[in-house]
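Residue numbers (the numbering used here), protein chains in the order written: chain D, 1 to 145; chain Y, 146 to 442.
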Amino acid sequence: MPLNVQKLQEGTVIDHLAAGTGSRVLSLLSMSYPISKVAALILNAKSKKSGRKDIVKIEGVFLDEKTTNQIALISPSATINIIRKGKVESKRQVEMPKTVPGVLACPNQKCITNLERAKTTFLLAGKGQLRCRHCERLFSADELV
Amino acid sequence: MVSIRDLEKKEIESYLAEAAKMEKLLNRPKSELLKGKVIASMFFEPSTRTNMSFQAAAKRLGAKIMTFYPGTSSTAKGETLGDTIRMIDGYVDAIVLRHPSEGAARFASDLALHPVINAGDGGNQHPTQTLLDLYTIKKLKGKISGLKVALLGDLKHARTMRSLLFGLAMFGAKVTLISPPALRMDEDVLAEVKEKFGAIPKQTSEMSLAGFDVLYVCRIQKERFSDPMEAERMQKDFRVDLEALKSANKNLAILHPLPKVDEIPPEVDFDPRAKYFEQAKNGVPVRMAVLYKAIKG
Chain D
1 MPLNVQKLQE GTVIDHLAAG TGSRVLSLLS MSYPISKVAA LILNAKSKKS GRKDIVKIEG
61 VFLDEKTTNQ IALISPSATI NIIRKGKVES KRQVEMPKTV PGVLACPNQK CITNLERAKT
121 TFLLAGKGQL RCRHCERLFS ADELV
Chain Y
146 MVSIRDLEKK EIESYLAEAA KMEKLLNRPK SELLKGKVIA SMFFEPSTRT NMSFQAAAKR
206 LGAKIMTFYP GTSSTAKGET LGDTIRMIDG YVDAIVLRHP SEGAARFASD LALHPVINAG
266 DGGNQHPTQT LLDLYTIKKL KGKISGLKVA LLGDLKHART MRSLLFGLAM FGAKVTLISP
326 PALRMDEDVL AEVKEKFGAI PKQTSEMSLA GFDVLYVCRI QKERFSDPME AERMQKDFRV
386 DLEALKSANK NLAILHPLPK VDEIPPEVDF DPRAKYFEQA KNGVPVRMAV LYKAIKG
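Quick look at the structure:
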């Protein structure tokens, strides 16, 4: 049975999320934006590119750079579609940020950022890995988000 | 001077050249290159060589050293490192910091207006140790590039070995990593030196010391093992004694960051190939160079 999901009039569609990451993205968005309007989470939708994908749609929300960076860490394949008046106004693929300042906590409990009032910064170290600027430990993007 | 990762080859060469100049100053009357400067020595962890050699370096340059004692300072009342650094930064021209938390020196250098020199931040970095290791190798062998260097011991836990591998790979040494299989160098360190410098160190668990120019030994960190007997067994298998050294080159240089425990027995100290005390001595000119360049630029 095909599943019909209401079209957005004004909002954002986060498409091409790796299958299994949609619920984490929705959970992330709910921390940054009050989702009081319509939101849809579609899991394991068919995808020509990757076989299966997740999709998140939210009415009335347009993402800032910080949130877009976080989505890139969860699923680098994601695309962000901005919808205005029911039509796709713009479409772009997320990019892994070169630096992620002040957003993520360092999983290393011996890192000074977990012991003092220090803002974390992670530096992209290739292949989806990020290095803590302070303790210099390497983490996968998955471990950080 | 926070991390060896911050330094390019040219900068390291410049530190090594400056250290060679400083070594010549050691035989002359007291230098006044840093006369009138005040340096804070802040050691939150025990240290013999690093602490003493930084103090000696500062004094040899004519600077005054202010020693911070965490046990009798406001740290004991719960003052944060951030507040302590901000305050002491107002008193001095440079801060030498050893702290158990990883990233403490980076954090301090972000807050301080004066230079912060990392004298060890937990299991992370100890950049002046790496500089003095490279300085010692270059001084003994005349070069680093192309040398056959073995790093032996607990390569998984020793920060010294990770940073030294980085430095050796940067200078094009041919590195062999000798360790028990469970204590091999982390894959991410190997991936980093391959990506940055094209270095692919050989890895082995065979205790064969033939053919090397430099043998750098570190202890098995027994405190990391749940079974002390297991650590003891590994240490025994990877002990650098006179028997193990029989097959080694006559001109081999045996180095060790010290303190050594039983990974090198005392009889090796009298072997002319043992250079670890000379290596420790090199801490003074290298740290003189680091202090001088930090303060005078």
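Virtual Cβ for every residue (Gly too), placed ideally from N, Cα, C.
Whole-number beta carbon distance between Leu436(Y) and Leu161(Y), since they are thought to touch under 8 Å: At roughly 15 Å, the Cβ-Cβ gap does not stay under 8 Å, so Leu161(Y) and Leu436(Y) are not in contact.
Cα-Cα separation, Leu328(Y) to Glu368(Y): 13 Å
Which of helix, strand or coil DSSP assigns to Gly384(Y): Looking at the sequence shown, residue 384(Y) is not Gly but Arg. Coil, per DSSP.
Per-residue contacts from Ala118(D) into chain Y (C-beta, under 7 Å): Phe252
Sequence-distant residues of the same chain with beta carbon closer than 8 Å to Gly223(Y), five excluded per side: none
Listed by chain order, chain D residues near Arg150(Y) by CB distance under 8 Å: Glu136
Any C-beta of chain Y under 8 Å from that of Gly126(D): For Gly126(D), the closest Cβ of chain Y is nearer than 8 Å.
Inter-stretch contact (C-beta, 8 Å, three-pair minimum) for the region 246-256 of chain Y and the region 314-322 of chain Y: no
CB of Arg432(Y) within 8 Å of CB of Thr273(Y), strictly: yes
Expected contact under 8 Å - CB spacing of Tyr361(Y) and Leu297(Y) to nearest Å: 7 Å
His134(D) to Ala203(Y) span [Cα, whole Å]: Going by C-alpha positions, His134(D) is about 27 Å away from Ala203(Y).
Beta carbon of Ile42(D) nearer than 8 Å to that of Val25(D): no
Contact list for the region 258-270 of chain Y against chain D, Cβ threshold 9 Å: Of all residues in the region 258-270 of chain Y, only Asp266, Gly267, Gly268, Asn269, Gln270 come within less than 9 Å of chain D when Cβ atoms are compared, listed by chain position.
Under 7 Å (Cβ pairs) to chain D, residues found in the region 215-246 of chain Y: Thr225, Leu226, Gly227, Ser246
CB contact check: Gly248(Y) to chain D, cutoff 8 Å: The beta carbon of Gly248(Y) sits closer than 8 Å to some beta carbon of chain D.
Per-residue contacts from Asp333(Y) into chain D (C-beta, under 7 Å): Leu138
Residues that Lys154(D) contacts on chain Y, provided the C-beta gap is smaller than 8 Å: One cannot answer for residue 154(D) here, as it falls past the ends of chain D, which runs 1 to 145.
Nearest-angstrom Cβ-Cβ length linking Ile71(D) and Val94(D), presumed shorter than 8 Å: 5 Å
Beta carbon of Glu190(Y) nearer than 8 Å to that of His244(Y): yes
C-alpha distance - Ala250(Y) paired with Ser30(D), whole-angstrom precision: 36 Å
Chain D contact residues for Glu340(Y), given Cβ-Cβ distances below 8 Å: Listed along chain D are Gly126, each with a C-beta nearer than 8 Å to that of Glu340(Y).
With 16 other Cβ atoms within 10 Å as the buried cut-off, status of Asp358(Y): buried
Boundaries of the beta strand (DSSP E) in which Pro101(D) is found, first to last residue: 99-101
Within-8 Å CB hit, Val92(D) to chain Y: One point to set straight first is that residue 92(D) is Arg, not Val, in the sequence displayed. No - not a single Cβ of chain Y is within 8 Å of the one on Arg92(D).
Endpoints, the alpha helix (DSSP H) within which Lys283(Y) is located: 272-286
Spatial distance of Leu449(Y) from Asn108(D) (CA atoms): This structure does not reach residue 449(Y), given that chain Y is present from 146 up to 442, and the question cannot be answered.
Contact list for Leu29(D) against chain Y, beta-carbon separation under 8 Å: Those within 8 Å of Leu29(D) in chain Y number zero; the least Cβ separation is about 30 Å.
Neighbourhood of Ala419(Y) by C-beta distance below 8 Å, restricted to the same chain and skipping five residues each side: Ile399, Ile409, Val413
Inter-residue CB distance, Asn427(Y) and Thr281(Y) (contact presumed, cutoff 8 Å): 5 Å
Coarse secondary structure for Met31(D), derived from DSSP in three states: helix
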